[in-house]
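J.: This is the structure I have questions about; it appears just below.
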C-alpha cells in the first residue's frame with residue numbers, strides 16, 4: 000500500500016531510480032532546478048494530482064530532483080514554494096485559471 004511518504008513510481012523511475020544530484024551545485028544547476036519546478040508543477044485530475052509536463056503522478060522525477068538540488072543549498076521548503084510562486088508570475092507560466 001502506498002502512503003503519502005512513498006514517492007510515486009512510474010515505469011521510467013523503476014528503471015532509472017532517482018536522478019543523482021550534481022557533485023557541485025552551480026548557479027546554472029539552481030536555475031535548472033527552479034525551471035524544473037515551474038515546468039513540472041501539479042495539475043488536478045480526477046485521478047489525483049499529475050505533473051503538468053509529463054502527466055505522471057505528482058511529484059514527478061524532475062520535480063523531486065529540483066527540490067533536492069535546492070535543499071542541498073540550504074533552502075527550506077517554504078522558501079522554495081515562494082520562489083515557485085514568484086517565478087511563475089514573473090515568467091508567465093500559466094496556472095490553469097481563466
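Numbering (the working numbering), first residue to last: 0 to 97.
Even for Gly, the Cβ is constructed at its ideal location relative to N, Cα and C.
Predicted, not measured: the structure shown is a model, and the values here were computed from it.
According to DSSP, is residue 22 part of a helix, a strand, or is it coil?
T.: Three-state DSSP puts residue 22 in coil, outside helix and strand.
J.: I need the DSSP call for residue 86, collapsed to helix, strand or coil.
T.: Looking at residue 86 - three-state DSSP - the assignment turns out to be helix.
J.: From what residue to what residue does the beta strand (DSSP E) around residue 49 run?
T.: Residue 49 -> beta strand (DSSP E) spans 47-50.
J.: Assign residue 27 to one of three DSSP states: helix, strand, or coil.
T.: Residue 27: helix per DSSP, three-state reduction.
J.: Is the Cβ-Cβ distance between residue 74 and residue 35 less than 7 Å?
T.: No.
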